[in-house]
Structure formats: C-alpha cells, structure tokens
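A short worksheet on the structure shown next.
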Amino acid sequence: MGTFLTILVLASAFLAFVAGISALRAGLRLRRTHLALRSHFYSEVVRLTGRATELEKNLTALDARAQALPVRISELQQNLVTLRVLTNALGVSLWQAQKALSSTGIKSSLARPLSGAFGVRGERGDSPSVREQGEAPRP
C-alpha cells in the first residue's frame with residue numbers, strides 16, 4: 001500500500017505540475033492579450049480625442065455660421081426685394097422704350113399732340129385718322 005500511495009502522490013504531483021504549467025501559459029497569454037488590447041485601446045482613445053477636438057472646432061465654426069445665417073437670410077430677402085423692384089422698373093422702362101421706338105408708337109406719339117393743336121379728331125375717338133398717320137389724302 002505504500003507504493004500505491006507513492007504512485008498516487010506522484011501522479012497527483014504530476015497532474016498539479018501540468019495544471020500549473022497550463023495555468024501559467026494561460027496567464028501569460030492573458031497578459032499579452034491584455035497588453036495588446038490596452039495598447040490598441042489607448043491608441044483608439046487618442047485618435048477619438050483628436051476627432052472630438054476636430055468636431056468641437058467644426059461645431060464652433062458651424063455655430064458661428066448659424067448665428068450669421070439669419071442675418072444673411074434677411075439681407076438676401078432685402079436684396080431680392082430690391083432686385084424685384086429694379087427688375088420691374090427695368091421691364092417698364094424697356095416696354096416704354098420699345099413702344100417709343102416702334103414705328104406706330106412714334107407716329108401715334110407725334111399725332112396726338114398735333115391733332116390736339118389743330119383740333120382734328122380721328123374717326124374712332126382718340127385714335128389718329130388716316131391723314132394723321134402720314135398717308136397722303138386721296139383725290
């Protein structure tokens with residue numbers, strides 16, 4: 001029975017030794033993994049800190065632009081109103097110039113004051129007659 005106990009003790013010691021080596025290897029792998037993850041985690045934290053700083057700067061710039069935006073919108077609206085008024089005035093001026101430069105516009109603009117001065121009225125109310133339009137009278 002003494003040998004049996006010695007074999008049992010030696011087998012137990014061997015199994016404890018194998019378990020210890022296995023635990024030591026697992027601990028070393030855990031430590032390497034922990035160091036790798038810690039290194040990776042720190043580099044990611046540094047990268048995210050840089051991006052957060054960049055986002056903060058961009059947010060400040062956007063905030064400044066957003067505060068100026070209502071002023072710009074009101075300025076644009078005022079400019080659009082002014083542009084609309086100027087466009088309408090230009091359209092009216094061009095219409096008057098086109099009317100004045102057209103041949104019938106020139107004739108009618110000259111015929112009305114002349115007919116008023118001579119007391120001649122057209123056959124159709126205020127419109128100039130055939131004579132007033134520059135045609136020679138027929139015999």
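The sequence shown runs 1 to 139 under the working numbering. Glycine included, each C-beta is placed from N, C-alpha and C at the ideal position.
Looking at the structure shown, is serine 43 part of a helix, part of a strand, or coil, going by DSSP? For this step, residue 43 is matched to residue 43 along the sequence shown. Helix at serine 43.
6 Å CB neighbourhood of proline 139 in its chain, flanking five on each side removed: Counted from its first residue, the sequence shown places residue 139 at position 139. For proline 139, the pLDDT reaches just 43, beneath the cut-off of 50, and the residue's location in the model is therefore unreliable, although a value from the coordinates is still provided. There are no such residues.
Nearest-angstrom Cα separation, counted from phenylalanine 41 out to alanine 52: Taking the sequence shown and counting its residues from 1, one reaches residue 52 at position 52. Taking the sequence shown and counting its residues from 1, one reaches residue 41 at position 41. When rounded, the distance between both Cα atoms is 16 Å.
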